[in-house]
Amino acid sequence: MTTLYLDRPSPIHRLNPVTKLVGLLAVVLVVFALPQWWASVAILVLVMVPAAVVSGVGGRLLLVTLILAGPLLLVLIIAQGFFYPGRETILFALGALQFSLEGLLLAVGVGTRTAVLVAASVLLLLTTHPGALMTALTERGMPAKVSYVVSSTLQIIPAFRTRAESILLAQRSRGLRTRGNIVRRVRVLLPLVTPLVLGVFVDVEERSTAMEARAFGSTRSRVSYAVIPDSRGQQFSRWALIVLALAVVVLSFTGVLR
Amino acid sequence: MSSTTAEPNKTRNLIFIILGALVVIATYLYLIIGQPTDIAAGLGPSALIALAGYLIGAILIGVGAIHRLPTNTLVLIPVAIAINIVVGQLTAALGLPFYFDSIGTILVAVVAGPAAGAVTGAFTNVIWGLTLSPLALPFAITAIVIGVLAGYAARIGVFRTYWLPPIAGLVTGVIAALVSAPIAAFIFGGATGGGTGAIVAAFQAFGNSLLASTTLQGLLSDPVDKLITFTVVMLILLALPTRFKQRFPFVRQYNVLPGTKAKKLD
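In the order they appear, the protein sequences are chains A and B.
Just so it is clear: in the first sequence, position 231 is 231 by our numbering, and no numbers are missing.
Just so it is clear: in the second sequence, position 228 is 228 by our numbering, and no numbers are missing.
Here it is, written out as structure tokens:
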């Protein structure tokens with residue numbers, strides 16, 4: 001399956017995937033702990049923008065973030081601006097609809113927070129191959145089964161999509177009409193899905209036997225084929241990031257930062 | 001195949017699942033009954049509690065459940081996730097007004113049990129998050145709930161009849177809507193997609209709170225979607241040859257489907 005990953009020679013690409021994951025978690029913790037909307041904007045400008053520039057995937061990051069978070073922000077501003085129940089300060093009115101400052105602030109707060117969540121996750125996905133992320137996490141004790149499910153699914157989906165398309169063509173050539181009203185189209189789904197399911201479930205049994213023969217179910221610890229580079233500096237920064245993020249959370253919950 | 005059912009650390013896995021379920025339930029009760037005062041603002045600690053509670057709970061349940069699965073069940077899961085994603089996109093291509101993104105989850109839950117359904121649901125959202133949109137990740141717990149409910153429905157014999165699966169789908173849809181409403185309200189301020197955001201806003205315009213509006217929006221779309229999905233899964237299972245269905249130990253043990261009753265010498 002087409003992942004978001006873009007291969008670039010940047011320092012962020014070379015970081016250990018776990019460091020990037022911890023960075024993502026720290027950023028998300030901080031923006032979700034701080035209720036002020038400008039905290040999310042500050043993180044976007046001071047952390048995400050420099051990271052995007054250094055990573056060399058800034059253009060794609062901006063595009064994907066806008067596609068995913070843009071419509072959400074727009075819907076939020078329109079919906080909460082006009083329909084927020086606790087409105088007091090009315091900025092302007094369109095007929096009977098009143099646009100309130102309180103609604104706008106809520107929309108901007110939630111919207112920028114979500115934008116940071118999307119931007120930080122997309123940056124991780126643009127600079128880290130899912131395979132590398134899974135290997136690095138497995139090295140740190142994540143069950144190998146998790147890694148198998150994720151990696152295997154990413155490889156199966158393109159083959160699966162090809163098979164779905166060929167079944168659709170085959171059934172059409174036998175006279176299956178895929179147009180018409182909703183009831184007809186729901187009924188069309190069945191002669192498409194049944195051969196698809198039967199076909200793939202038959203493959204599964206062979207795969208299971210082959211994997212068992214290679215000790216997939218074994219619970220003994222394994223060595224890794226691909227070694228993901230790591231460094232003392234990164235180890236230290238991971239802990240520093242965790243401590244920093246937790247400190248922000250604690251300060252926010254105890255009321256110091258609000 | 002019988003050698004693949006070995007399950008070391010059984011207690012540890014059970015503790016993971018129970019702990020995860022408790023975290024999710026505690027988060028849910030805090031958000032629904034506690035009615036945090038910052039709900040009106042939509043910002044503040046309740047958003048973080050919603051995100052952290054649901055994610056940690058989902059991870060604990062996912063890890064605990066994945067260890068309970070034998071290899072021959074585990075290899076079904078990538079296939080089921082692919083069914084979820086590809087059929088979901090095929091549905092969109094046919095222009096149907098539904099999601100149909102849980103056919104694989106429910107199919108696996110019915111033939112391999114609640115734990116398999118939970119893992120399929122959780123990882124569908126992980127893959128969705130890795131490839132299409134990270135915003136799917138907080139909803140992993142909803143997918144887990146759908147898989148678990150479908151698994152237990154199959155276990156008590158819902159899929160032995162032709163008229164119970166749509167009802168079970170309706171019930172699952174209602175519960176799924178209730179579980180995902182606080183995620184939509186507290187984490188995303190009610191706007192999860194263009195169309196649903198407009199419906200949430202319409203409910204708010206009638207004077208409902210944000211949480212009530214996302215709940216009503218969910219109740220409008222989820223039950224119908226799950227009713228049709230459960231029915232489609234039942235029809236797929238009817239179309240599959242019995243010999244094929246009898247391969248699954250869960251199907252034989254609980255007599256899940258019509259005509260798959262376990263023989264005495266099994």
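All C-beta atoms in this analysis are idealised placements derived from N, C-alpha and C, irrespective of residue type, glycine included.
All figures in this text were calculated on a predicted structure; none of them were measured in a lab.
Under 8 Å from the C-beta of residue i: neighbouring residues of chain B
i, result
"methionine 211 of chain A", "Thr71, Val75"
"valine 27 of chain A", "Here the premise fails: no neighbours, minimum Cβ distance about 12 Å."
"arginine 207 of chain A", "Val75"
"phenylalanine 253 of chain A", "Pro45"
Residue i in three-state terms, based on DSSP
i, result
"leucine 15 of chain A", "coil"
"serine 237 of chain A", "helix"
"isoleucine 15 of chain B", "helix"
"phenylalanine 186 of chain B", "helix"
"phenylalanine 244 of chain B", "helix"
"alanine 93 of chain A", "strand"
"alanine 133 of chain B", "It should be noted that the sequence gives serine, not alanine, for residue 133 of chain B. Coil, per DSSP."
"phenylalanine 123 of chain B", "helix"
"methionine 1 of chain B", "At methionine 1 of chain B, the pLDDT of 39 sits below 50, so the modelled position is not reliable and the matter cannot be decided from this model."
"glutamine 36 of chain A", "coil"
"serine 180 of chain B", "helix"
"serine 267 of chain A", "Residue 267 of chain A lies beyond the stretch modelled for chain A, which goes from 1 to 258, so this question has no answer here."
"phenylalanine 99 of chain A", "strand"
"tryptophan 163 of chain B", "coil"
"tyrosine 254 of chain B", "coil"
"glycine 180 of chain A", "coil"
"arginine 8 of chain A", "coil"
"leucine 68 of chain A", "helix"
"asparagine 72 of chain B", "helix"
"asparagine 267 of chain B", "The requested residue 267 of chain B is not part of the displayed model; chain B covers only 1 to 266."
"histidine 129 of chain A", "coil"
Nearest-angstrom beta carbon gap, residue j and residue i [assumed within contact, 8 Å]
i, j, result
"alanine 120 of chain A", "leucine 24 of chain A", "5 Å"
"threonine 105 of chain B", "threonine 131 of chain B", "At roughly 17 Å, the Cβ-Cβ gap does not stay under 8 Å, so threonine 105 of chain B and threonine 131 of chain B are not in contact."
"leucine 347 of chain A", "tryptophan 37 of chain A", "Here chain A has residues from 1 to 258 only, and residue 347 of chain A is not among them."
"valine 57 of chain A", "leucine 117 of chain A", "With 8 Å as the limit, valine 57 of chain A and leucine 117 of chain A do not qualify as a contact, their Cβ atoms being about 18 Å apart."
"leucine 190 of chain A", "valine 232 of chain B", "7 Å"
"aspartate 225 of chain B", "glycine 173 of chain B", "6 Å"
"isoleucine 43 of chain A", "valine 27 of chain A", "6 Å"
"valine 111 of chain B", "phenylalanine 248 of chain B", "5 Å"
"alanine 115 of chain A", "alanine 69 of chain A", "4 Å"
"threonine 153 of chain A", "proline 78 of chain B", "4 Å"
"leucine 73 of chain A", "glycine 111 of chain A", "4 Å"
Beta-carbon neighbours of residue i, restricted to chain B and to distances below 7 Å
i, result
"proline 143 of chain A", "Val63, Ile66, His67"
"alanine 164 of chain A", "Val86, Leu90"
Chain-ordered chain A contacts of residue i [CB-CB under 9 Å]
i, result
"leucine 257 of chain B", "Near leucine 257 of chain B there are no residues of chain A at all, since even the closest Cβ is about 14 Å away, more than 9 Å."
Under 7 Å by beta carbon: chain A residues contacting residue i
i, result
"leucine 22 of chain B", "Near leucine 22 of chain B there are no residues of chain A at all, since even the closest Cβ is about 21 Å away, more than 7 Å."
"isoleucine 81 of chain B", "Thr153"
"proline 269 of chain B", "This structure gives no information on residue 269 of chain B, because the portion of chain B shown stretches from 1 to 266."
"leucine 51 of chain B", "Phe32"
"isoleucine 318 of chain B", "Since the first residue of chain B shown is 1 and the last is 266, residue 318 of chain B is not available in this structure."
"alanine 47 of chain B", "Phe32"
Chain B contact residues for residue i, given Cβ-Cβ distances below 9 Å
i, result
"glutamine 80 of chain A", "Gly42, Gly189, Gly190, Ala191, Ala201, Gln204, Leu210"
"leucine 190 of chain A", "Val232, Leu235, Ile236, Ala239"
"proline 85 of chain A", "Ala40, Gln204, Gly207, Asn208, Ser209, Leu210"
"threonine 89 of chain A", "Within chain B, no residue comes near threonine 89 of chain A; the closest Cβ sits about 15 Å away, beyond 9 Å."
Interface residues of chain A facing residue i [CB-CB closer than 8 Å]
i, result
"alanine 198 of chain B", "Val75, Ala79"
"isoleucine 103 of chain B", "Val193"
Checklist entry - If you pair each beta-carbon of the stretch 18-34 of chain A with each one of the stretch 85-101 of chain A, do three or more pairs fall below 8 Å? => result no
Next on the checklist: Below 8 Å, how does it come out for the stretch 179-187 of chain B and the stretch 150-159 of chain B: are there three or more Cβ pairs, yes or no?
Outcome noted: no
Checklist entry - Taking one C-beta from the stretch 84-92 of chain B and one from the stretch 206-215 of chain B each time, how about it: are there three or more such pairs within less than 8 Å? => result no
Checklist entry - Relative to chain A, which residues along the stretch 153-166 of chain B have a C-beta separation below 9 Å, given in chain order? => result none
Checklist entry - Closer than 7 Å, Cβ to any Cβ of chain A: which residues of the stretch 110-139 of chain B, in chain order? => result Phe123, Val126, Ile127, Leu130, Thr131, Ser133, Pro134, Leu135
Checklist entry - Counting pairs of Cβ atoms below 8 Å between the stretch 166-173 of chain A and the stretch 191-211 of chain B, do you hit three or more? => result no
Checklist entry - Is the stretch 112-119 of chain B in contact with the stretch 53-68 of chain B, if contact means three or more CB pairs nearer than 8 Å? => result yes
Checklist entry - Listed from N- to C-terminal order along the chain, which residues in the stretch 116-130 of chain A have their beta-carbon within a distance smaller than 8 Å of any beta-carbon of chain B? => result Leu117, Val118, Ser121, Val122, Leu125, Pro130
Checklist entry - If you measure beta-carbon to beta-carbon, which residues of the stretch 96-117 of chain A are closer than 8 Å to chain B? => result Leu106, Ala107, Gly109, Val110, Gly111, Arg113, Thr114, Leu117
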